[in-house]
Amino acid sequence: MKTDLEGRDVVVVGAGPAGLAAALALRDRGATVVVLDREARAGGRSRTEPIGEWRFDSGAEFLASFYERTLALIRRLDLDRELVTMPVAATVVLRDGARAVLPATPFELMRTPLLSRRSKRRLVLLGLDLLRWRRVLRWRALERAAFLDEHSAAQWFEKRIGRDYVENVLRPTLESLVLSPVEETSCVVPLAQANEARGARLLCPVGGLGELWAEVGRRVQFRGPHAVAEVRSAKEGVRVRLESGVAIQAHAAVVAVPGPTAARLVDDAVPEKGVAAAARYSPVVKLHLCLDEPVPEARPLCPAGPGRNALAGIGILEAKKTGQVPEGRGGLNVCASPALAAHLLDETDEVVRTRLWGEAEALLGWRLPPVSGEAIVRMREGVPLFHVGWLKRLEELRWRLRPSSIALAGDYLASPSIEGAVRSGEEAAERVANWLLGH
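Numbered by the working numbering, the letters in the sequence shown go through residues 4 to 442 in order.
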């Protein structure tokens, strides 16, 4: 392993997966790295929050087996033995008041009552196109498929397959997994998901996904809470000013916070600033419930059907088998749809609780058991929206990126996922490292 950055000081702003991946990469090359975050704990939007003996993931709840950089990072830390393969039971959807199984394999797609015969025939033809595009529809480098980034997922799939596919399969899948409305998401995102899904597994560390980032935080110099007000180029490198007024001098910096915030922190000389300022997000609102008894429903649920659905999904915490629920108890994660989350974001806790509790009971079809504890999660910048044209913009940006004393990182620069965050963090670290070696 190269240790060519000894004696160089780097500040990383943001302790989410992107910032922590950047910090780890720079530390492994010998740099002295300090990670600053406005929160007291590392993990950013991917923390695991305790409620008594329960552990709930605030953001993403699993990794996919095609997250190559993330899994490599886990192996580098010798944490792969802590990964649990999550049982993937067929998800149930609600369609016009009746339940049906959401098809997850080509065989299930051909047998599902959710699709017409015409849509099924068109799916077969789409499968041939996926074979032709399989080398470019990769989650690790979505911008390679920018030539397909011409239509929204709703437009593209309605024309190629049919409206029934959009409403009964695509919407519940995309809006549950990526919390991204089909009308506002590039068709490349679900196409890449379909390409990568063959044979994929879902993985989660014991104790919750946030435990991974907590461990990375323990291996780097994490300091929080420290809110950063400004990151600017200086004569000897960079100057990082905290909101408290304290200034830190370093040789370089990686800014790994949501795009609009990053754009406010850095000056116009940073080439990613324009893209960061234009980044848009789906909000996230979740209700976490600690139940006195296990959930009788054996599999996760997500609604489907005409119109805007109230929930993106209901997660059964004990079904993950990751030790996040005390023995003999249950846990429920109720996640609002992007549309409902935008409506609830600024409402009181009581309004959020009442609405999500009611929607959960209506969808499950039975009353929830007594609770021992609960919490509400709100994220204004929850998941980046990869709308039509965004991948083309990222592709064009990559041609302009050069080694720099200040580099930006975040999922909005790669893919709407933990993998995208890790990739962008490691690439930002590489650009900063190359700049340091040249100065």
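A virtual CB, placed ideally from N, CA and C, is assigned to each residue, including glycine.
Predicted, not measured: the structure shown is a model, and the values here were computed from it.
- Query: Under a three-way DSSP split, which group does Gln158 fall into?
  - Reply: helix
- Query: Enumerated in chain order, which unbroken segments of the alpha helix (DSSP H) with a length of 4 residues or greater are wholly contained in the stretch 132–214?
  - Reply: 156–163, 174–180, 191–200
- Query: Any chance the stretch 319–330 sits against the stretch 408–417, with 3 or more Cβ pairs inside 8 Å?
  - Reply: Contact between the stretch 319–330 and the stretch 408–417 is not established, with fewer than three Cβ pairs separated by less than 8 Å.
- Task: For Arg244, collect the residues of the same chain with a Cβ closer than 7 Å to its Cβ; drop the 5 residues on either side in sequence, then sort them by chain order.
- Result: Ala232, Glu233, Ala250
- Task: Could you give the DSSP three-state label for His346: helix, strand or coil?
- Result: helix
- Whose C-beta lies closer than 6 Å to the C-beta of Thr357 among residues of the same chain, with five residues either side of it excluded? none
- Identify, in the order they occur along the chain, each residue of the same chain with its Cβ nearer than 7 Å to the Cβ of Ala272, setting aside the five sequence neighbours on each side. Ser236
- Message: Cutting at 8 Å between CB atoms, please list the residues of its own chain near Gly310, excluding the five before and the five after it.
- Response: With a pLDDT of 49 at Gly310, under the threshold of 50, the predicted position of this residue should be treated as unreliable, and no value is reported.
- Task: For Gly333, write down the residues that DSSP places opposite it in a beta bridge.
- Result: Leu294
- Query: Which residues in the same chain have their Cβ closer than 8 Å to the Cβ of Asp295, if we skip the five residues on either side of it in sequence?
  - Reply: Arg332, Gly333, Pro372, Pro373, Val374, Ser375
- Nearest-angstrom beta carbon gap, Glu398 and Glu146 [assumed within contact, 8 Å]: 4 Å
- Task: Let me know the alpha helix (DSSP H) ranges lying completely inside the stretch 214–269, each 4 residues or longer, listed in chain order.
- Result: 262–268
- Where the beta strand (DSSP E) containing Asp12 begins and where it ends: 12–16
- Mapping DSSP to helix, strand and coil, what is Asp83? helix
- Item | Nearest candidate by alpha-carbon position, reference Thr73, set Val169, Ala28, Ser61 | Ala28
- Query: Taking C-beta to C-beta, are Leu314 and Ala339 nearer than 8 Å?
  - Reply: yes
- Please report the Cβ distance between Ile421 and Ser49, rounded to the nearest whole angstrom; I am assuming they are in contact, meaning their Cβ atoms lie under 8 Å. 7 Å
- So, helix, strand or coil for Lys5, using DSSP? coil
- Message: Does the stretch 379–392 come into contact with the stretch 278–291, if we say contact requires no fewer than three beta-carbon pairs (one atom in each stretch) closer than 8 Å?
- Response: yes
- Using the rule of at least 16 other Cβ atoms within 10 Å of the residue's Cβ for burial, across every protein chain shown, is Ala156 buried or exposed? buried
- How about Gln327 and Gly210: are their beta carbons less than 8 Å apart? At a Cβ-Cβ threshold of 8 Å, Gln327 and Gly210 count as neighbours.
- Task: Buried or exposed for Leu394, please, with buried defined as at least 16 other CB atoms from any protein chain shown within 10 angstroms of its CB.
- Result: Burial is judged here by how many other beta carbons sit within 10 angstroms of a residue's own beta carbon; Leu394 has at least 16 and is buried.
- Query: Of the choices Tyr70, Trp142, Leu182, Glu71, whose alpha-carbon is the least far from that of Ala345?
  - Reply: Leu182
- Just reading off the beta strand (DSSP E) that Phe59 is part of, what are its end residues? The continuous beta strand (DSSP E) containing Phe59 extends over residues 57–60.
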